[in-house]
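Last residue of the sequence shown: number 228 in the working numbering, and the count goes up by one each step with no gaps.
Here's the structure we're looking at; comments come further down.
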Amino acid sequence: MEFQVGNAKLELIKGDITDVEADAIVNAANSTLLGGGGVDGAIHRKGGPKILEECKLIRATEWPDGLPTGKAVITSGGNLKAKHVIHTVGPVWLGGFHVEAELLKQAYRNTLKLAVAKGLKTIAFPSISTGAYGYPIEEASRIALATVKAFLEKEDRLERVIFVLFSERDFEVYLKAAKT
Ligand code: ADP
Numbered sequence: 049m050e051f052q053v054g055n056a057k058l059e060l061i062k063g064d065i066t067d068v069e070a071d072a073i074v075n076a077a078n079s080t081l082l083g084g085g086g087v088d089g090a091i092h093r094k095g096g097p098k099i100l101e102e103c104k105l106i107r108a109t110e111w112p113d114g115l116p117t118g119k120a121v122i123t124s125g126g127n128l129k130a131k132h133v134i135h136t137v138g139p140v141w142l143g144g145f146h147v148e149a150e151l152l153k154q155a156y157r158n159t160l161k162l163a164v165a166k167g168l169k170t171i172a173f174p175s176i177s178t179g180a181y182g183y184p185i186e187e188a189s190r191i192a193l194a195t196v197k198a199f200l201e202k203e204d205r206l207e208r209v210i211f212v213l214f215s216e217r218d219f220e221v222y223l224k225a226a227k228t
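Below you can see the structure in the form of structure tokens.
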């Protein structure tokens, strides 16, 4: 499914983000930047050791205590088809009484800003925070789509943003959110 938002195409697909050809794919990382499960594990497995080496360098220089929730950093794509990986840390769901929604927005927005700053045109997101971090996907999908749409309406340098949903159910939830 594809939607026009400003100058850009916003696309929803079901699939594995590690197979996607784009200027960048986004990693739902944890603050260590040293790998983990879910999409993070898949990206490092398929992308090879170069990505991890670059993450370690970022830890040694820019973020010695780890990447804070909501921030984003960029590495190469290693052996992936994608040229780069943008690593961002979504919030852990703590019941919605904390600042989860704001932090989830920041994760999307800071990723998009970094992509534009690096001159990237196409970027693919997974559903940040809705796996191990437990964010309810209906709410997360609304925030994800609203944040990306608001960004694309103001920023004309991105050409395509793709949400890559890993399961049929996740895809259906995002599709419903996109249509409303
Ligand atoms: P988080 O810790 O931010 O919740 P997870 O990786 O645990 O991150 O899950 C985020 C989402 O990514 C989940 O919906 C999960 O099903 C999905 N996911 C896991 N592997 C992949 C993959 N290879 N491609 C796309 N999405 C994936």
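A virtual CB, placed ideally from N, CA and C, is assigned to each residue, including glycine.
**Study point:** Exposure label - K227; buried when at least 16 CB within 10 Å
**Key:** With fewer than 16 other Cβ atoms within 10 Å, it is exposed.
Check your understanding: Beta carbon of F219: closer than 6 Å to some heavy atom of the ligand ADP?
Key -> no
Practice item. Taking only heavy atoms of the ligand ADP into account, decide whether any of them is closer than 6 Å to the Cβ of D204. Key: no
Practice item. With a threshold of 16 other CB atoms inside 10 Å of the CB of D204, please say whether the residue is buried or exposed. Key: exposed
Check your understanding: In whole angstroms, what is the alpha-carbon distance linking A77 and I176?
Key -> 9 Å
Practice item. Could you name each continuous alpha helix (DSSP H) segment of 4 residues or more that falls completely within the segment 159 to 216, going from the start of the chain to the end? Key: 185 to 202
**Study point:** Cβ distance (whole Å) where D88 is taken to contact N75 below 8 Å
**Key:** Yes, they are in contact, since the Cβ atoms of D88 and N75 sit about 6 Å apart, within 8 Å.
Practice item. Could you check if D218 is buried or exposed, using at least 16 other CB atoms within 10 Å of its CB as the buried criterion? Key: buried
**Study point:** Every unbroken alpha helix (DSSP H) within the segment 57 to 131, with a cutoff of 4 residues, ordered by chain
**Key:** 86 to 95, 97 to 109
Review point. For the candidate residues L60, F214, I91, whose alpha-carbon lies nearest to that of A225?
Key: L60
Check your understanding: Is the segment 145 to 165 touching the segment 52 to 59, taking contact as three or more C-beta pairs under 8 Å?
Key -> no
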